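Protein chains in written order, with our numbering: chain A, 776 to 1078; chain B, 67 to 360; chain C, 40 to 429.
Working notes for the structure below.
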Amino acid sequence: MSLPLYYFLAITAVNILMSWALYVPYRMAHLHFLIVANMAISGYTAAYMVLSLHLPFGLALLAGFVLGAVIGFAVALFIGDAPTFAVVIVGFTFIYITRTVIENTEAVGGTMGLFGLPNIGGSPSVHRWTILAILYGLVALVGFLIHRFDHSQLGRAASAAFIDKDLTTSLGIDIKKMGILLQTFSCTLAGGCGVLYGFIYKSFHLDYFTFHVVGILMTVIFVGGYTTLWGTLLAAPVLYGVPLLFPPEVASWRIVIYGALLIIVLVLKPEGFITTRFVYGIESFLSRKRGKRTPLTKPQEDV
Amino acid sequence: MEVFIAQVINGISLGSIYVLLVTGFNLLLLVAMIIHFAYPQVVVFSMYIIWLVLEVTGNNLILGALAGVTSSILLNLISAPLFQKVMEKRGEVDINSTMVMSMGIGMIITDVLSHGFNKGHPIAFPDTLAGGEAILRVGLISILPGQVSAFVVGVIAVSGFFLLLYKTRPGRAFRAIAEDPNGARLVGIPLLKTGLQSYALSGLLGGLIALLLAALIGSASSGLGEQVALKVIAVSIIAGLGNLVGGLVVGLSLGILEAIVQGYISGTWSNAIAFVIMLLVILAKPTGLFGLKL
Amino acid sequence: MKKMMAVGVLVTMLFAASTGIAQDKVVVTEWQIPFLNCLTGPLASHGSMYQWSTNQAAADINKAGGIAGKPVRVIGVDTANDPQKGTVEMARIVKESLVALGPVPEPVIMAAMPIAVENQMLSITGTTSYEYASKFFPWSVAWFPPYPKRFPPLAKAWAQEFSDMKQVIQFVEPYGPWPMMADAHVAGLKEAGANVLKPIEVPSDAVTFGPLVVKALEQKPDGIIFACNAEKIAKMIKELKSRGWKKMDHLLVFSSGDDAPLYTVGGEDINGIQVYNYVNPDTDSPRWNAFKSAFMKDHNGMPPFSLSTNYYDALFMIKEAIEKTGVTGDPSKLKEERKKIADYCANVKKFQGLMFNWDMKDGVPTNKPLYIFEIQGGKKKLVKEIKLAG
Chain A
776 MSLPLYYFLA
786 ITAVNILMSW
796 ALYVPYRMAH
806 LHFLIVANMA
816 ISGYTAAYMV
826 LSLHLPFGLA
836 LLAGFVLGAV
846 IGFAVALFIG
856 DAPTFAVVIV
866 GFTFIYITRT
876 VIENTEAVGG
886 TMGLFGLPNI
896 GGSPSVHRWT
906 ILAILYGLVA
916 LVGFLIHRFD
926 HSQLGRAASA
936 AFIDKDLTTS
946 LGIDIKKMGI
956 LLQTFSCTLA
966 GGCGVLYGFI
976 YKSFHLDYFT
986 FHVVGILMTV
996 IFVGGYTTLW
1006 GTLLAAPVLY
1016 GVPLLFPPEV
1026 ASWRIVIYGA
1036 LLIIVLVLKP
1046 EGFITTRFVY
1056 GIESFLSRKR
1066 GKRTPLTKPQ
1076 EDV
Chain B
67 MEVFIAQVIN
77 GISLGSIYVL
87 LVTGFNLLLL
97 VAMIIHFAYP
107 QVVVFSMYII
117 WLVLEVTGNN
127 LILGALAGVT
137 SSILLNLISA
147 PLFQKVMEKR
157 GEVDINSTMV
167 MSMGIGMIIT
177 DVLSHGFNKG
187 HPIAFPDTLA
197 GGEAILRVGL
207 ISILPGQVSA
217 FVVGVIAVSG
227 FFLLLYKTRP
237 GRAFRAIAED
247 PNGARLVGIP
257 LLKTGLQSYA
267 LSGLLGGLIA
277 LLLAALIGSA
287 SSGLGEQVAL
297 KVIAVSIIAG
307 LGNLVGGLVV
317 GLSLGILEAI
327 VQGYISGTWS
337 NAIAFVIMLL
347 VILAKPTGLF
357 GLKL
Chain C
40 MKKMMAVGVL
50 VTMLFAASTG
60 IAQDKVVVTE
70 WQIPFLNCLT
80 GPLASHGSMY
90 QWSTNQAAAD
100 INKAGGIAGK
110 PVRVIGVDTA
120 NDPQKGTVEM
130 ARIVKESLVA
140 LGPVPEPVIM
150 AAMPIAVENQ
160 MLSITGTTSY
170 EYASKFFPWS
180 VAWFPPYPKR
190 FPPLAKAWAQ
200 EFSDMKQVIQ
210 FVEPYGPWPM
220 MADAHVAGLK
230 EAGANVLKPI
240 EVPSDAVTFG
250 PLVVKALEQK
260 PDGIIFACNA
270 EKIAKMIKEL
280 KSRGWKKMDH
290 LLVFSSGDDA
300 PLYTVGGEDI
310 NGIQVYNYVN
320 PDTDSPRWNA
330 FKSAFMKDHN
340 GMPPFSLSTN
350 YYDALFMIKE
360 AIEKTGVTGD
370 PSKLKEERKK
380 IADYCANVKK
390 FQGLMFNWDM
400 KDGVPTNKPL
410 YIFEIQGGKK
420 KLVKEIKLAG
């Protein structure tokens, strides 16, 4: 496999997973930017474990997931049912605090960053295949879980909460518990992604985890579509890959293009390019082809 | 004691920036129901326009001020139909959409400023606007004209807009349209005219804030809006979204808190300390200390 | 006449033999050198300056006959301070390129340089510190010696200029290597007998600087060193003046602060302060004069800043390496020729830089001078040259 393709695939996978980490709590209208702080916390911790404590990568990755889950759960206890803007501010605040703590902690390189993360499995080739296998294994697993979630009672409850929290509560659904569950899941995923992100670059620097990352993830889910997981799967590679093919004069304006795209999509296609109705249509088509009944899941617009 | 007084004055100066921006932010929320995350970026854009006109006209302050106010009003009026379009259903989710849209606007403004103005370098305002000489200096205590005008205008703006929105007919009309356009139409409020007036009003305040910040800070960079955006929104949330008086109190308090932490504890930890306090308040009281005014 | 021509041919042959030129072996029609640079994003103003320097170098090289007789072109590759973009671009470049310039800045260096190292291609990150570049030796070379060698003599020389320099304080911003640079100043200040006060930490997102300046002045320093962003330095100096600071030459700005915003934001308020860096604008040589006037013409009359010459020199170093080691650009010899260039650059002697000649030892320059200047009316006046021994 060519090197550019490897980096494209690996970073795309991280962007897909992170966008899903944003997507899951947004199913109940929580824009949970804590995930970016979690990436940094778990990533730096795992790197410290490997570089300074000489622990194996697998253990460090596991620790990254666990740390993400613990932080996500602890914070969700407070904001599991908070309004969206409060969730947004908590996420941004955590990014700031995390950055300040890391830049003042010499053990993880402070403002300089961490260098020299080793190849997993010894050689660069094994390292690359291992990273890709883990990442795309995760994409498959998480995609499957989110797909099941979207088609479950819990998913429909989240859709209801997205539209009207009070009404959902009156139907007997515990909004807070649902928020805690979704936020913890997303933070767990972000923790693992943070570790893998650093091992792709073989280094860690604070500027890997900036508000720029928030902008990319947000564009992915709002342009791709925030009501199904498929939008992310389409938008993440396109939004990352297409600008790489732009001529330099155009590429230099890609943030403006991202911003404009975000606005245009919000105005013209508020649910993004891939909507539940679109997915429902495809599912119906496939079911008819297979001679089965129409799937039970209805598009969210009809809920 | 001299140091403490100096730091409190520094804090009020910093807090005035937050107060001005949070007042503009709250005003948009009250008259148009928009959570405009990128409001500070819009203000910084107007600062750049002021600078541009000053450069072109050889520091003509009147033209610079006019350009700043006009650009802010125009930017608001141009973005108005976009915001209105995503707010058609008027639920909490649609307010979230305005938030995301404003983030998109912020991304564009910041990048355009870093590309298109002064080769990406920060801009500096002339001393005639920024006012170099202190009007009072006793030991370490120093007060600059820009600090006084920002603080005074901040207090006047909060009081003025509070009176306008809650004590006058046009103010009630603004709020009625923001909260329930159909209801407002039923009671005879002209939607288009009043809606445009409300956007123009918040644009006017944005231009005024740009002018005051130019005088207070003396320079601007493309990233300035992003630098303060989070704190501005945090101040608004801690005070209670849309609460003008709460914004004034919390904005000044945050400025003083930061100054005290920087002066007595640590510079690099000052943000973390301020953010931890903000975080604790948000976690404990998500609707704000002074209550929502929506 | 014939005799003269024969002598001319002989001299040319001898020169070619001595320098290793083998023009007939060169297989490329044009040398293409990629430059991973931050052409957009928050550091675009720096990136455009670096790009300008390499374009100027390419133009000067081509005017003088190119590299081994073939023209050179620098291909700007935008990384936009984004590691996601930087890695893919570096992965593309290492497929075919002999050598590269950049990446810029540190987050992209950290993400993309491991790719150059793994593929054994020299990439000259000419604007970063030894502390970053050294992690990637031998596939990178440092443009500066390590901080503990560089800054103590400089800080000592500055402090010793003034008999009343008893207490010094530093403003330090937590960005990349800046805190380490500030630490290196401390050793020199102590050698000069000054009491070094606890540094004032400058938050990256600070908007006003009153609290920090009051905290510094409260400790009654005699001198101040600034190790932070240029715009912030200018604002802090204004703040210091508004609180009665008079001894302007007792303020020293570190090299990364010698940047356009210091002058545009600082204006008249920075008159009399001192800065240190590696570029002496008063150097008088035809090469430097031509560079300086071209730079000023394209930058609204501003003289070249601290890092503006680095990539100009880097391209000339690559030219020298190609010509002196007989690199042909033949794709079948890519690995071998990459190593030749890297080895040459790591230990080049008496390299003729734009400002001065210097030697490299194992990828580190051994004898680059540093200068302290005083600023008056936006112009620099040389105060002292500090020679660093290898």
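Cβ atoms here follow ideal geometry from the backbone N, Cα and C, with glycine treated the same way.
Just so you know, these numbers come straight off a predicted model, no measurement behind them.
The C-beta of K379 (chain C) has 16 or more other C-beta atoms within 10 Å across all chains shown, which makes the residue buried. Contact of Y871 (chain A) with chain B by beta-carbon distance below 8 Å involves L296, N337, A338 and F341.
Under a criterion of Cβ atoms nearer than 8 Å, the residues of chain B adjacent to N879 (chain A) are, in order, T334 and W335. Only buried fits D925 (chain A), as 16 or more other CB atoms lie within 10 angstroms of its CB. Judged by DSSP secondary structure, G115 (chain C) falls within the beta strand (DSSP E) whose first and last residues are V111 to D117.
Going by beta carbons, E376 (chain C) and L137 (chain C) fall inside the 8 Å limit. Close CB contacts of I872 (chain A) within its chain, under the 8 Å cut and outside five residues either way in sequence, are with A812 (chain order). The CB of L1020 (chain A) never comes closer than 9 Å to any CB in chain C; the least such distance is about 11 Å. Ranked by Cα distance from P188 (chain B), the options C:A273, C:N234 and C:A223 are led by C:A273. If you draw a 10 Å sphere on the C-beta of T176 (chain B), you find 16 or more other C-beta atoms in it, and that means buried. Non-local C-beta neighbours of N894 (chain A) in its own chain, meaning closer than 6 Å and more than five positions away in sequence, comprise H902, ordered along the chain. Distance between F808 (chain A) and L118 (chain B), taken at the CA atoms: about 36 Å.
Taken in chain order, the whole beta strand (DSSP E) runs of length 3 or more contained in the region 195 to 224 of chain B are 202 to 204 and 207 to 209. In terms of beta-carbon proximity, F997 (chain A) lines the interface with chain B, with at least one pair separated by less than 8 Å. Minimum Cα-Cα distance from N879 (chain A) among the listed residues C:P110, C:V67, C:E240 and C:F355 corresponds to C:E240. Contact of V246 (chain C) with chain A by beta-carbon distance below 8 Å is absent, the smallest such distance being about 15 Å. Taking the beta carbon of D177 (chain B) as reference, the chain A residues within 8 Å of it are W1028, I1030, V1031 and G1034, listed in sequence order.
Around the beta carbon of K336 (chain C), fewer than 16 other beta carbons lie within 10 angstroms, which makes this residue exposed. Spanning the alpha carbons of E121 (chain B) and K259 (chain C) requires a straight line of approximately 39 Å. Ranked by Cα distance from I343 (chain B), the options A:Y781, A:L842 and A:T868 are led by A:T868. Counting only residues of its own chain and dropping the five nearest sequence neighbours on each side, A223 (chain B) has a CB closer than 6 Å to the CB of T89. Inclusion of I322 (chain B) and F217 (chain B) in the CB contact set at 8 Å is not warranted, their separation being larger than that value. At least 8 Å separates the CB of I171 (chain B) from every CB of chain C. Under the three-pair Cβ rule at 8 Å, the region 359 to 370 of chain C does not count as touching the region 248 to 267 of chain C.
Non-local beta-carbon contacts of A131 (chain B) in its own chain, meaning distances under 6 Å to residues more than five positions away in sequence, involve L277 in chain order. Going by DSSP, E413 (chain C) is part of the beta strand (DSSP E) stretching over L409 to Q415.
Against chain C, the beta carbon of Y782 (chain A) has neighbours under 7 Å at T126, V127 and A130, listed in chain order. Against chain C, a Cβ distance below 7 Å from K977 (chain A) picks out P153. Looking at B:G226, B:I201 and B:L307, the one whose alpha-carbon comes closest to that of V214 (chain B) is B:I201. If you draw a straight line from the Cα of G885 (chain A) to the Cα of G818 (chain A), it is about 14 Å long.
Scanning the region 115 to 186 of chain B from its first residue to its last, the whole alpha helix (DSSP H) runs of 4-plus residues come out as 127 to 152 and 158 to 182. Taking the Cα of M160 (chain C) as reference, the smallest distance to any Cα among C:T167, C:M149, C:K418 and C:I132 is reached at C:I132.
At a beta-carbon threshold of 8 Å, the residues of chain C lying near N76 (chain B) are T247, G249, P250 and V253, ordered along the chain.
Linking Q263 (chain B) to L274 (chain B) through their CA atoms gives a straight-line distance of about 16 Å. Residue burial is scored here from C-beta neighbours: R112 (chain C) has fewer than 16 other C-beta atoms within 10 angstroms and is therefore classed as exposed.
The beta carbon of K151 (chain B) sits closer than 8 Å to some beta carbon of chain A.
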